[in-house]
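Novice: Those sequence lines, one after another, are chains A and B. Letter 77 of the first sequence, counting from 1, is numbered 149 in my numbering, and no numbers are missing. Letter 80 of the second sequence, counting from 1, is numbered 152 in my numbering, and no numbers are missing. Sharing a structure here in C-alpha cells format.
Number of protein chains: 2
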Amino acid sequence: MTDPTQVPLARLMAMGLRSLVDALHERLERRGLEVKPVYAFVLLASRERPLTVNDVAELLGFTKQAASKLAEVMEREDYLLRRPHPQDARAKLLHLAPRGQRALRAAEDIYVELEAEWAEVIGKRRLEALRSDLNAVLRATHGGNLPPIRPTW
Amino acid sequence: MTDPTQVPLARLMAMGLRSLVDALHERLERRGLEVKPVYAFVLLASRERPLTVNDVAELLGFTKQAASKLAEVMEREDYLLRRPHPQDARAKLLHLAPRGQRALRAAEDIYVELEAEWAEVIGKRRLEALRSDLNAVLRATHGGNLPPIRPTW
DNA sequence: GAATATGGTCAACTAGATTGACCAATAGCC
DNA sequence: GGCTATTGGTCAATCTAGTTGACCATATTC
Chain A
73 MTDPTQVPLA RLMAMGLRSL VDALHERLER RGLEVKPVYA FVLLASRERP
123 LTVNDVAELL GFTKQAASKL AEVMEREDYL LRRPHPQDAR AKLLHLAPRG
173 QRALRAAEDI YVELEAEWAE VIGKRRLEAL RSDLNAVLRA THGGNLPPIR
223 PTW
Chain B
73 MTDPTQVPLA RLMAMGLRSL VDALHERLER RGLEVKPVYA FVLLASRERP
123 LTVNDVAELL GFTKQAASKL AEVMEREDYL LRRPHPQDAR AKLLHLAPRG
173 QRALRAAEDI YVELEAEWAE VIGKRRLEAL RSDLNAVLRA THGGNLPPIR
223 PTW
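This is the structure:
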C-alpha cells in the first residue's frame with residue numbers, strides 16, 4: 073500500500089515545477105532576458121504556430137481578459153506581435169517578435185541543459201519514462217487533451 | 073537528443089500539479105470540505121509534528137508575514153490551533169484542530185484513490201519510479217533538501 | 001549584560017488575477 | 001437572404017493573495 077507519510081505526489085509535482093521554473097529563469101536572466109515565468113510557457117507554446125488570445129487563455133487556464141492583458145504586455149515588451157488573423161477578422165494571431173524568438177531559443181537551450189542535469193541523477197531512460205508517463209496519465213485523465221498549466225492555488 | 077517540440081518538462085509538472093490539485097479539491101468538496109489548495113499542503117506537512125509559522129513559510133516559499141496570515145485564517149476556520157511552543161516563548165506551534173484532522177484524513181484517502189488511478193494508466197512500478205525519481209532529482213539539485221512548494225509565477 | 005538574530009504580527013500597498021458590460025465578426029438555421 | 005446565437009477580443013472596476021517595512025518580545029552569542 074501507499075505509505076501515508078510519503079511526500080504527497082502533488083507536492084513532488086509542485087516542487088519539480090518550482091525547481092525547473094526557478095532554474096530556467098535564473099539562467100535566462102544571466103543571458104539578459106528578464107521574462108516572467110508565464111512568458112516562457114506562452115513562447116514555448118508558440119513554437120509551431122502563432123496562438124490566439126483564446127489559445128493563451130486555454131493554455132494557461134485563465135480568463136480571456138487576463139490572457140488579453142498578458143498579450144498586450146508581451147507585445148509592449150517586444151516578445152509578441154499582435155496581427156490580424158487572415159481567416160477571422162475578430163481574432164488576432166500572436167506572432168513571435170524578435171525578442172520573443174531570442175527568448176524562445178534561449179529557453180530551449182536551457183531546457184536541454186536542465187534535462188541533462190536531471191538525466192545525470194536518474195538516467196536518460198528514467199527521464200524519458202517520466203516524461204512519457206506524465207503525458208500518458210494526463211491525457212488519460214483529461215479525455216485525450218492536456219489540462220491547463222496554471223496551478224489552482 | 074531531446075526533441076525541441078516536445079511538451080516542456082516544466083509544463084508537464086505544472087499540468088500534473090494542476091490535475092492532482094483540482095481532483096483532490098473536487099473530491100474534498102464532495103465530502104463537504106471546502107479547503108483551499110494551500111491548506112492541504114499545510115495539513116499534509118503537519119502529519120508528523122506541528123509546524124511553526126516559519127516552517128509554513130519555508131514549506132510554501134513565501135514570507136513569514138503571509139504564512140502568519142494563513143495560519144490565522146486556518147485557525148479561524150478551525151483547521152489549526154495556534155498554541156505556545158513549549159521550548160521557545162516567541163514561537164507558536166500549529167496543531168491540527170478537529171476539522172483539520174478530518175480534512176487531513178480525507179486528503180490522504182483521496183490521494184490513495186488518485187494514485188491508484190494513475191497506477192491504472194502507467195502501472196504501480198512506474199508510479200513508484202516517478203515518485204522516487206522526482207525525489208532524487210529534487211534532493212540532488214537542492215543540496216539534500218526539498219525546494220518550496222509554491223510555483224514562482 | 002549588551003548586541004545581534006530569530007519568531008511573530010500589524011499596517012499599508014501592489015500585482016495579477018476576476019467579474020461584468022460591451023462591440024465586432026462569424027456561424028447556424030429557417 | 002436575414003435573424004439569432006456564438007465566438008474573439010477589449011475596457012473598466014474590483015478583489016485577493018501576496019509583498020514590503022516597521023515593530024515587539026524572546027533567544028542566542030560573545
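Each residue gets a CB set at the ideal place from its N, CA and C atoms; glycine is no exception.
(1) Given a limit of 8 Å on CB to CB distance, which residues of the segment 123 to 145 of chain B reach chain A?
(2) From the beta carbon of R90/A, is the nearest beta carbon of chain B less than 7 Å away?
(3) I believe L165/A touches T124/A by the beta-carbon criterion, under 8 Å. Please report the beta-carbon distance rounded to the nearest angstrom.
(4) What span of residues does the alpha helix (DSSP H) with H196/B cover, start to end?
(5) Tell me where the beta strand (DSSP E) around R154/A begins and ends.
(6) Does K164/B come out as helix, strand or coil in the three-state DSSP assignment?
(7) Quick one: Cα of M73/B to Cα of I182/A, how far?
(8) Leaving aside the five residues before and after E149/A along the sequence, list all residues of the same chain whose C-beta is less than 8 Å from its C-beta, in chain order.
(9) Buried or exposed: which applies to N126/B, given that a residue is buried once 16 or more other Cβ atoms fall within 10 Å of its Cβ?
(10) Tell me the DSSP secondary structure of M73/A in three-state form.
(11) Would a check of beta-carbon distances place L165/A closer than 7 Å to chain B?
(12) Distance check for Q159/A and R203/B, CA to CA, integer angstroms please.
(13) Which word fits P156/A, buried or exposed, when buried means at least 16 other C-beta atoms lie within 10 angstroms of its C-beta?
(14) Does the segment 95 to 114 of chain A come close enough to the segment 133 to 149 of chain A to have 3 or more Cβ pairs within less than 8 Å?
(15) So, do the segment 204 to 213 of chain B and the segment 207 to 221 of chain A have three or more beta carbon pairs nearer to each other than 8 Å?
(16) Look at D205/B and R90/A and say whether their C-beta atoms are less than 7 Å apart.
(17) Roughly how many angstroms separate the alpha carbons of E192/B and R103/A, rounded to a whole number?
(18) Would L202/A count as contacting chain B if we go by Cβ distances under 7 Å?
(19) Only counting the same chain, and skipping five residues up and downstream in sequence, which positions put a Cβ closer than 6 Å to that of T77/A?
(20) From L176/B to A139/B, what distance separates their C-alpha atoms?
(21) Consider the Cβ of R83/B: report whether some Cβ of chain A lies at a distance smaller than 7 Å.
(22) Any Cβ of chain B within less than 7 Å of the Cβ of D150/A?
(23) To the nearest angstrom, how far is it from the Cα of V128/B to the Cα of R162/A?
Specialist: Taking the coordinates as given:
(1) G133
(2) yes
(3) 6 Å
(4) At residue 196/B the sequence reads Lys, which differs from the His that was named. Taken as a continuous stretch (DSSP letters only), the alpha helix (DSSP H) holding K196/B covers 196 to 213.
(5) 152 to 156
(6) strand
(7) Low confidence applies here, because M73/B scores a pLDDT of 43, under 50, leaving its location unreliable and the question unanswered by this model.
(8) R171
(9) exposed
(10) In this predicted model, M73/A has a pLDDT of only 45, less than 50, meaning its place in the structure is not dependable; the value taken from the coordinates is given anyway. In the structure shown, M73/A sits in coil (DSSP, three-state: anything other than H, G, I, E or B).
(11) no
(12) 46 Å
(13) exposed
(14) yes
(15) no
(16) no
(17) 43 Å
(18) yes
(19) none
(20) 19 Å
(21) yes
(22) no
(23) 47 Å
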